[in-house]
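Protein chains: 2
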Amino acid sequence: MRDAWGALSDKTRREIITLLKGRPHTAGEICDQFDLTAATVSHHLHVLKEAGLVLTTRRAQTIIYSLNSPVMQGMLSYLLGVARK
Amino acid sequence: MRDAWGALSDKTRREIITLLKGRPHTAGEICDQFDLTAATVSHHLHVLKEAGLVLTTRRAQTIIYSLNSPVMQGMLSYLLGVARK
DNA sequence: TTTTTATTTCGAAAAACATCGAAATAACTC
DNA sequence: GAGTTATTTCGATGTTTTTCGAAATAAAAA
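The listed protein sequences correspond, in order, to chains X and G. According to the numbering used here, the first sequence is numbered sequentially starting from 56. According to the numbering used here, the second sequence is numbered sequentially starting from 56.
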């Protein structure tokens with residue numbers, strides 16, 4: 056099971072997070088932004104989800120992904136603690 | 056070539072960085088903190104170095120590793136931008 | 001100059017990861 | 001119920017990563 060650091064070590068997943076910062080997106084909308092198959096994007100979404108970085112809600116057939124910022128606080132604290140000059 | 060995110064995705068490497076936050080350490084001192092071979096720790100140090108997260112200076116036979124915080128600014132900005140509620 | 005100390009590089013093995021196409025699920029529409 | 005749409009799961013493949021032991025390098029000490 057990957058932690059938040061592992062989840063954000065992948066560029067595609069960071070781009071997904073950036074995308075979600077604007078507003079929630081459906082899996083399909085996220086797919087459209089990348090030159091990857093739906094299977095691959097779904098896998099990335101799963102990784103983000105299990106790391107607690109995103110939340111999902113179902114709306115009929117579509118699944119909506121949104122940001123779950125609290126989990127990033129841990130990373131933020133680490134970096135602030137360590138990067139503080 | 057791994058970026059800073061990739062470098063910090065590994066727990067051992069984050070612990071090394073935490074260690075260096077206190078003060079610079081020699082490779083040997085860092086080794087002593089982990090239940091890993093010198094070869095493995097040296098590899099991790101190499102990854103941190105190529106990501107620009109640490110600096111080295113030689114002092115006779117020993118090599119001293121120290122923190123290079125500026126490189127963490129990029130990550131910090133990303134997280135602040137994205138985790139800001 | 002041989003030996004010792006500190007560290008890295010090499011080569012290999014095992015585990016983890018990203019990616020895909022195809023099949024499966026879930027919910028809607030006809 | 002049969003077909004359609006949105007998304008995930010499965011199984012496989014190639015790549016990257018972590019780790020090690022052994023050999024190599026670098027500088028000092030004997």
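Beta carbons are placed, not taken as given, at the ideal position from N, Cα and C, and that holds for glycine. It should be emphasised that the depicted structure is a prediction, and the values quoted were computed from it without experimental measurement.
- Beta-bridge partners of residue 122 of chain G (DSSP): G:109.
- Looking only at G:127, G:77, G:134 and G:76, the smallest Cα-Cα distance to residue 106 of chain G is reached by G:127.
- Contacts with chain X (Cβ-Cβ distance below 9 Å) from the segment 109-134 of chain G involve 122, 124, 125, 126, 127, 128, 130, 131, 133 and 134, listed in chain order.
- From the beta-carbon of residue 137 of chain X, the residues of chain G found nearer than 8 Å are 72, 73, 76, 122, 124 and 127.
- Neighbours of residue 63 of chain G in chain X, taken as residues at a C-beta separation under 8 Å, are given in chain order as 60 and 64.
- Here residue 123 of chain G is not near residue 134 of chain G, since their CB atoms are 8 Å or more apart.
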